[in-house]
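Residue numbers (our numbering): 29 to 232.
Some notes on the structure that comes next.
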Amino acid sequence: MEERDLAAGKSIAAERGAWIVFEDEAGQSMTPPRARTWGRIGQTPVVRVRGRGSGRVSMAGMTCYKQGERSRLIYAIREYRGRKDEAKGFGWRDFRDLIVRARIQLGGPIVLVWDNLRLHLTAGMRAFIETNAEWLTVFHLPTYAPDLNPQEGIWSLVKREIGNLAAGDLTQITQAVKRRLKRIQYRPELVDGCLATTGLTLED
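What follows is the structure in structure tokens.
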């Protein structure tokens, strides 16, 4: 996100009394992410898990910030088990519904910052944004700039916890993800920390 865009977003948020909301998506299959754990010296622990063809957990999350308010985390989760006619992930309507839910929970206008994912640029999403311009303003991050999105930090915290989970099925992964996200919701200092790691601030 260019400096002038960030300044414009902060100005609009200040003028409207809006929340600045960063959105991003992530996913997790049955194969756990790499993580550190305890083990005997010279003996690398090896945990065998089920791999491909076991489904996927899709996650969409929003880190929400406003001067003088407790930082928030809002998220949605979807399981894909490979069944016929089952959606593999989120569609643009799911993102629309997440934005609407964020507005209701935050109780005010939103300045939304997200990447140029194809689903963010569909005709339906563009029409939704234009129709709701009185409370929704959107800025796009530059390509390949995950270091500027604090929601990436949330995903890092989630995957750090499930890195040592040898799940027997997809439900266990979903439950672990939900538990971790729920705990982060009750620790706004973690949400603040994810913003700090980007180098961005809410202050003028």
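The C-beta atom is built at its ideal place from N, Cα and C for all residues, glycine as well.
Can you give the Cα-Cα distance for Ile138 and Arg100, rounded to whole angstroms? 13 Å
Nearest to Leu276 by alpha carbon, out of Ile157, His148 and Lys187? With the chain represented from 29 up to 232, any question about residue 276 goes unanswered, as that position is not in the structure.
How about Met58 and Val205: are their beta carbons less than 9 Å apart? no
Hey, out of Gln56, Leu198, Tyr172 and Tyr103, whose CA is closest to Val128's CA? Tyr103
Flag this pair as yes or no: are the beta carbons of Met54 and Trp183 separated by less than 9 Å? According to the sequence provided, residue 54 is Ala. The question's Met does not apply to it. Cβ atoms of Ala54 and Trp183: closer than 9 Å.
Indicate whether at least one CB of chain D lies closer than 9 Å to the CB of Gly110. As a matter of chain content, chain D is missing from the structure shown, which is built from one protein chain.
DSSP beta-bridge partners for Asp52? Gly89
Which of helix, strand or coil DSSP assigns to Arg208: helix
Using three-state DSSP, classify Thr267 as helix, strand or coil. Since the first residue shown for the chain is 29 and the last is 232, residue 267 is missing from the structure and cannot be characterised.
Please say whether Gly89 and Arg121 have beta carbons closer to each other than 9 Å? no
Spell out the partners DSSP gives Arg106 in its beta bridges. Ser86
Could you tell me the distance, in whole angstroms, from the CA atom of Gly221 to the CA atom of Arg111? 39 Å
If Glu189 and Arg208 are in contact, beta carbons under 8 Å, what's the gap, nearest whole angstrom? 5 Å
Element boundaries [beta strand (DSSP E), containing Leu140]: Ile138 to Trp142
Note the first and the last residue of the continuous alpha helix (DSSP H) segment covering Lys116. First-last for Lys116: undefined, no H or E at that position.
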